[in-house]
Amino acid sequence: MTLPLPVETQVSRSTPQKSFYKGIVVIESPTKAPDASVGEPINLKQNQKSSRGWLLLFMSLSVVLIALTLYAAQMYQNLQRQIQATRDQLQQQQRAQQFAPVPPREAWALPFTPENFKKQWWHFDRLNCTWLPEAVSETFLGPHSLELRGQIQGWYGGGLGTYLGMDARGYTHLSLNVFGYGPGSGILKIELVDDDNKNYRADVNAQKPGTGDQDDVLTYALPVTWQGWKHINIPLLAFSDANPGAGDDLWNPSQWLGSGGLLQMQWIALGSQATQPFHMQINKPRFIQIKENASKK
Ligand SMILES: [Ca+2]
Ligand SMILES: [Ca+2]
Ligand SMILES: [Ca+2]
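Counting from 0, one number per residue, gives the positions in the sequence shown under numbering that gives the first Met the number 0.
In structure tokens form, the structure reads like this:
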């Protein structure tokens, strides 16, 4: 038979117990700390929730920070691209202004008669220049033909040239008629000098090409292998810079910004063999403009 517990022992554990010893009231603490035993798991959960909250906040802030960093980097790259694009556009505009064609252009004929040849042209080394009697057999021929004849030795025979001093903007081609004497007539090397240091003088070293030059030398080699007359249009853009690093390495024969423009032209006799005769005729050399639309038709 189970005896009922004393009333005193039925007090909730969470309630402090009172004992009476010799008139002294003693308040006993519960055998177990009810708040601690019951509240501890609750506090842990709260702490865990709090920690998770801080972790989530930290992670969120980190994600936001990373996103902002990536966005800033992207913006910086876009800004750099825009700056570079603006620079490129400005350079293109400057170059377009500098090299803008000047349409329309009438053909510009070189001084090419026996009379002005004596005054305005020079020739050198083993090249004989002879004006031939007029023999206009083709409609495209001009009235004067100059025969170039010489001996190639060591791939070279001599040359001739004239001062031009012209603004060649707008001209697209060098046009000339060439009479060949079959294969082995020789190679006509055409040299153009444009004034890059703006002194109206051809500052090129003929003895040592490319050394100490201040102006561009642009060249085109025309091998003459045919028999009879041939009309030729050489694109000026087909000329290549023969002295890289000297001048500005650009075909800019303009007098617009103080330059002397296209200063001079030389024709140099070369051989396809080290030793051979050189023989051809030149007729009606001139600069012309061929419009792009016209050349496509
Ligand atoms: Ca010069
Ligand atoms: Ca050059
Ligand atoms: Ca140049």
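Glycine included, C-beta positions come from ideal geometry on N, C-alpha and C.
query                                                                                                           : result
C-beta atoms of Q288 and E190 nearer than 8 Å                                                                   : no
Min CB distance L89 to chain D below 8 Å                                                                        : The structure shown has no chain D; it contains just one protein chain.
In chain order, each beta strand (DSSP E) run of at least 3 residues that lies wholly inside the region 213-281 : 215-223, 226-234 and 261-269
Residues sharing a beta bridge with G160, DSSP                                                                  : W121 and Q265
Beta carbon of V192 nearer than 8 Å to that of D214                                                             : yes
Ligand 3 heavy atom lying under 7 Å from the CB of L249                                                         : yes
Exposed unless 16 or more other CB atoms sit within 10 angstroms - verdict on A237                              : exposed
Closer than 7 Å: Q312 CB and nearest ligand 1 heavy atom                                                        : Residue 312 lies beyond the residue range present for the chain, which begins at 0 and ends at 296; the question has no answer from this structure.
Candidates G52, S49, W228 and T210: closest to N282 by CA position                                              : W228
CA nearest to the CA of S136, picked from T129, T68 and S144                                                    : S144
W107, DSSP secondary structure in three states                                                                  : strand
Alpha-carbon to alpha-carbon, G141 and N251                                                                     : 29 Å
Per-residue DSSP class, three states only, for S370                                                             : The question about residue 370 has no answer here: the residues shown for the chain are numbered 0 through 296.
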